[in-house]
Every structure is written in structure tokens, then in C-alpha cells.
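In my numbering, the protein residues as written are 1 to 262.
Ideal Cβ placement from N, Cα and C applies to all residues, glycine included.
Fair warning: this is a prediction, and the values are worked out from it, not measured in the lab.
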Ligand SMILES: NC(=O)c1ccc[n+]([C@@H]2O[C@H](COP(=O)([O-])OP(=O)(O)OC[C@H]3O[C@@H](n4cnc5c(N)ncnc54)[C@H](O)[C@@H]3O)[C@@H](O)[C@H]2O)c1
């Protein structure tokens with residue numbers, strides 16, 4: 001039980017990567033509080049509670065700063081502090097740069113950057129008081145390392161989270177709080193299913209096959225595999241690591257060419 005006695009806040013835990021992280025943290029003994037705006041949040045919690053009673057949640061949009069602050073106050077009153085914050089909630093909507101409306105740009109900036117900012121600002125004081133913390137931000141290989149057409153807004157926000165991770169890590173290091181980023185390649189989640197459907201409404205499974213064929217492991221990652229990386233970064237064992245980004249991508253960023261090789 002690597003997280004026994006630890007209190008974790010996970011944004012976007014109702015599905016996808018956030019749900020994978022939530023499950024792995026619960027399996028390892030943590031109390032998990034999910035912040036998510038999905039209507040399915042309470043159903044997810046009800047299902048998880050059958051096996052893990054230590055899961056709760058708040059239905060909230062992380063763009064709503066005042067509501068996020070109120071939740072942090074509520075948790076401070078009930079629990080006193082938190083140990084782990086996973087900034088996982090994020091969105092992606094593909095559009096070419098010239099066709100992308102300011103609304104779609106801001107949708108990414110407001111959730112992926114400002115939402116992460118709001119949540120971190122609200123919850124960091126609950127770590128400072130305790131002189132302990134693990135903050136994990138979901139960046140991506142998209143932006144800091146690679147990109148496909150249509151991803152300018154998304155990539156911009158995910159690269160921004162690497163800067164956010166490093167700068168915040170430097171500021172809080174003296175309080176025994178570490179801040180690291182996870183940079184996933186393709187993980188099989190509702191976000192990826194939606195992108196596949198938007199790319200080819202008739203045959204979204206062909207889009208998924210196409211993604212898998214570009215990955216040396218020939219498959220997308222699972223939400224549990226992502227959860228295990230988050231578990232390490234959330235645990236006491238990662239105490240000497242801060243300000244870093246960790247790629248988990250089945251080798252998708254490895255190939256140098258498509259034609260050279262024996
Ligand atoms: N799936 C991938 O291949 C992949 C790759 C790289 C990075 N990521 C990152 O992982 C994170 C999770 O992605 P996913 O694929 O699981 O997405 P998903 O769409 O499957 O799930 C995202 C969750 O976040 C919640 N959410 C979104 N906006 C929110 C908001 N404003 N307030 C509260 N909750 C909100 C959603 O309701 C949902 O439960 C994102 O930050 C994404 O950028 C995903």
C-alpha cells in the first residue's frame with residue numbers, strides 16, 4: 001500500500017486517464033477526491049465505492065475559480081490537508097490553425113492552462129501547511145516533442161504545462177513539495193475515441209488502428225499503465241525527482257525514419 005494514509009485530489013477522474021489514476025491510487029490505499037464536471041461523475045463514484053469506500057468527488061468545472069476555491073476550503077475543513085494533486089482534466093478539439101476560432105483556442109487555454117492554474121492555486125496552500133506534497137500535471141508528447149495537423153491549440157497548452165511544472169517545482173522545492181509532468185503518447189480513453197470518430201465517423205476503429213500502427217509497441221496504452229507512472233510520482237519513493245517530464249508512449253516518439261533499418 002504505497003499511498004496508505006495519503007489524501008489525493010484528482011481532476012478529470014470520472015473517465016479516461018483520470019479514472020485509471022484514481023483506480024491505481026485507491027488500490028494503493030489513498031483517499032481520492034475527484035473533481036470533474038461530467039454528469040457521469042456520481043455514477044463512477046458509486047461504482048468505485050463498491051470496492052473502494054475511500055473515494056468521493058465534487059462536480060465542478062475547473063474554469064470556475066470561485067467554486068474550486070470553495071471546494072478547497074471545504075476539503076481543508078474536513079481533512080486538514082492534501083498530499084497529492086493530479087492536474088489531469090484536459091480537452092482536445094482538432095482544427096487547422098487558420099480555421100480555428102478564438103473560442104476553440106480559448107476552450108483549450110481556459111481548461112488546460114487556466115483550469116490547472118486555478119486548481120493548483122486553490123490546493124497548494126493545503127500542502128504548504130503540511131510541508132509535503134506531490135503535484136503531477138498531465139502534459140503530453142504533443143507540444144513539447146511532436147505534433148500532428150490540427151493540434152496547434154492543444155499542443156500550445158501541453159507545452160505550457162511543462163513550463164508551469166518547472167517554474168512551480170523551483171518555487172516550492174523547499175517545502176518538500178515536488179512537481180512533475182506526465183507526457184503520454186496515445187492512451188485509449190474517451191478523448192481518443194472522440195477524436196477517432198471526428199476524424200472518420202464511419203470507421204473510427206480504422207483511425208485507432210492507424211494510430212497503433214505508428215507506435216513501435218503496435219498498440220495504444222491503457223489507463224492503468226498511465227496510473228502506475230502516476231503512482232510512482234505520487235509516492236514517497238520519488239522524493240528526489242522534481243520539475244521533470246516523463247514520457248509514456250509505447251516508443252511512439254522513438255522512430256527516426258520510416259525507411260532506415262535492418
Ligand atoms: N488519452 C491520450 O492519449 C492522452 C495523451 C496525452 C495527454 N493526455 C492528457 O490526459 C488528460 C486526460 O485525458 P483523457 O484522454 O483521459 O481525456 P477524457 O476526455 O477521456 O477525460 C477527461 C476528463 O476530464 C474531465 N474534464 C474536462 N474538462 C474539465 C473541466 N473544465 N472541469 C472538470 N473536469 C473536466 C472530463 O469530464 C473527463 O472526465 C488530459 O489532460 C489530456 O490532455 C491524454
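**Request:** Within the same chain, show all residues whose beta-carbon is closer than 6 Å to that of residue 57, passing over the 5 residues directly before and after it, in chain order.
**Result:** Excluding sequence neighbours, residue 57 sits near 34, 41, 45.
**4 or more residues per run - each alpha helix (DSSP H) lying fully within the segment 164-223** = Those alpha helix (DSSP H) runs which fall completely within the segment 164-223 and span 4+ residues are 190-199, 204-213.
**Request:** Classify residue 134 as buried or exposed, calling it buried when 16 or more other Cβ atoms lie within 10 Å of its own Cβ.
**Result:** Residue environment analysis places residue 134 among the buried positions, since at least 16 neighbouring C-beta atoms fall within 10 angstroms of its C-beta.
**Asked** So residue 134 is in the beta strand (DSSP E); what residue range does that whole segment cover?
**Response** Where residue 134 is concerned, the enclosing beta strand (DSSP E) stretches over 133-138.
**Prompt:** Assuming residue 243 and residue 165 make a contact with CB atoms under 8 Å, what is their CB distance in whole Å?
**Reply:** Going by Cβ atoms, the distance from residue 243 to residue 165 rounds to 6 Å, so yes, they are a contact pair.
**Message:** Nearer than 7 Å: is that true of the beta carbon of residue 18 relative to any heavy atom of ligand 1?
**Reply:** Answer for residue 18: yes, Cβ within range of ligand 1.
**The alpha helix (DSSP H) enclosing residue 27, as first and last residue numbers** = Counting along the chain, the alpha helix (DSSP H) containing residue 27 begins and ends at 16-27.
**Prompt:** What is the residue span of the alpha helix (DSSP H) that residue 36 lies within?
**Reply:** It is not in any alpha helix (DSSP H) - residue 36 instead sits in the beta strand (DSSP E) that spans 31-36.
**Prompt:** Leaving out the 5 sequence neighbours to the left and right, which residues in its chain are closer than 8 Å to residue 71 when beta-carbon positions are compared?
**Reply:** Taking residue 71 as the centre and dropping the five residues before and after it, the same chain places the C-beta of 35, 58, 60, 122 closer than 8 Å to its C-beta, in chain order.
**C-alpha gap between residue 128 and residue 234, whole angstroms** = Cα to Cα, the separation comes out at about 16 Å.
**Prompt:** If you run the structure through DSSP and keep just helix, strand and coil, what is residue 157?
**Reply:** If DSSP states are grouped into helix, strand and coil, residue 157 belongs with the helices.
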